[in-house]
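Working notes, structure below.
In my numbering, the protein residues as written are 1 to 489.
Next up, the structure:
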């Protein structure tokens, strides 16, 4: 059975987990957050958050999968019964929805790689992206028409993912990630070297590396940093657990997770270095003040409006090459991230409902492609932005809190695993994940809830909480009907 198959090599698990951790958040969102929060002022708390929150939670999710050999729904069920399974399915609902818009965003990168080669992105990159490409309505409630280019590239990405996932852990995910991730890292290093020689890039480097200490004491900065780290590692959703449950006894989860933390940081740092240097060059070439180049911290703007604008300062043939290589890097980050998202969904279908690998993959991809279809309309960008605070914010934080409570307080198996000991003494990571992480997550959740209910609720609020209600009810139903489905099969 697929659930008993292990990674062929430890390096295969490392590359696959790097593919999970390194996504749009590292390539695009990290740079946007740095720009918003004073460059180097973001880097200092980022390192703190990585050590205090990121690494301990990676250890926790890794050991849950390694010890139980179960996906997150079944692992919760082992500790909390049907109540735990309901919570697990709530996380899976989030994973399925995130997978839907991950497919769409990955499709964006495919389309923009093609546009770069053809040289058909005009000077007004914002209008081209929002209206020509997205067919955007600018309104959450106005669907508009379907963007056929987006639908096409989304289907292409979904088909490619289906083929890879159908081959399983070893022949599919491990093999592809072991090829794709080294390529992506090479491309990022290549970009970092090239950017160093661009006129004006030095101003971007200074803005990136020199902290604006006036922002260090800003609570919003620390909230954003800790939230970014949580999102970057895909914590609280059982995604890391989905991969680590296939680990053999020869694999050191502790070593693997340290590699993931280090790799995630280095890629984020290099991506920020590249983006800030490129923005500095754009500022130099156009005479626009550096602080006025980026108008928002949106991942969309950073990747599909700002970077194409940077390409226009190069000669056409250089622009085609640089643009294609950049968007291929974004594609790799997106598709390898999607593999881990989908595997979390697939594993729960396999174990909870006793489904074959082929059937579980088919169901999961059909659901996520169906969700992706909704983001191909004119209000697709607004839908994603409306759901993001719930899917990549409140819901993930709730999941992280329950993970700590369920597995560090109620599960002796996880709490007493060797990963938490060094010469018979509890490690710092144990104390952080049990005693420090919960209050941090609770404060972040309270802050998010405060913002949620002090700002106008509107259609976006109804969308978020409507999704949460439906996902919660669905989770409760699936938790109690698993035996029925398994028997029917």
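For each residue, glycine too, the CB sits at the ideal point set by N, CA and C.
In this text the structure is predicted, and so the values were computed from the model without any measurement.
Under the three-pair Cβ rule at 8 Å, the region 63–74 counts as touching the region 351–358. Contact between the region 205–225 and the region 235–248 is absent: fewer than three C-beta pairs spanning the two stretches fall below 8 Å. In the structure shown, the three-state DSSP call for residue 416 is coil. Secondary structure note for residue 264: its alpha helix (DSSP H) is the uninterrupted segment 253–286. For the set 9, 204, 17, 326, the Cα lying nearest the Cα of residue 339 is the one of 17.
One alpha carbon belongs to residue 8, the other to residue 174, and they sit about 8 Å apart. Distance from the CA of residue 280 to the CA of residue 467, rounded to the nearest whole angstrom, comes to 41 Å.
According to DSSP, residue 170 shares a beta bridge with no other residue. The beta carbons of residue 85 and residue 414 sit no closer together than 8 Å. In the DSSP assignment, residue 89 falls within the unbroken alpha helix (DSSP H) covering 72–118. Judged by their CB atoms, residue 267 and residue 185 are nearer to each other than the 8 Å cut-off.
Residue pairing of residue 146 in beta bridges, as defined by DSSP: 377. Annotated three-state conformation of residue 308 is helix, per DSSP. Residue 422 is bridged by DSSP to 425.
Ranked by how close their Cα comes to the Cα of residue 95, the residues 443, 345, 272 have 345 in first place.
Among the bridge pairs identified by DSSP, residue 39 is matched with 211. When the Cα atoms are used, residue 204 and residue 282 turn out to be separated by approximately 10 Å.
The beta carbons of residue 50 and residue 261 sit closer together than 8 Å. Taking a C-beta distance under 8 Å as the contact criterion, residue 324 and residue 154 do not qualify as a contact pair. Cα atoms of residue 142 and residue 255: separation of roughly 49 Å, rounded to the nearest angstrom. Separation of residue 440 and residue 114 (C-alpha to C-alpha, rounded to the nearest whole angstrom) is 43 Å.
Annotation for residue 15: the continuous alpha helix (DSSP H) segment containing it runs 10–21. Annotated three-state conformation of residue 137 is coil, per DSSP. Per DSSP, reduced to three states, the secondary structure at residue 446 is helical. Straight-line measurement puts the Cα of residue 287 at about 45 Å from the Cα of residue 57.
In the displayed model, residue 317 falls within a helix according to three-state DSSP. With contact defined as three or more Cβ pairs closer than 8 Å, the region 299–307 and the region 23–33 are in contact. For residue 178, the uninterrupted alpha helix (DSSP H) run begins and ends at 175–195, by DSSP. Classified as buried, residue 464 has 16 or more neighbouring CB atoms from the shown chains inside 10 Å of its CB.
Residue 303 places its beta carbon 8 Å or farther from that of residue 195.
For residue 57, the three-state secondary structure derived from DSSP is helix. Excluding sequence positions up to five before and after residue 285, its CB lies within less than 8 Å of the CB of 199, 200, 313, all in the same chain and listed in chain order. By the 16-neighbour rule on beta-carbons within 10 angstroms, residue 454 is exposed.
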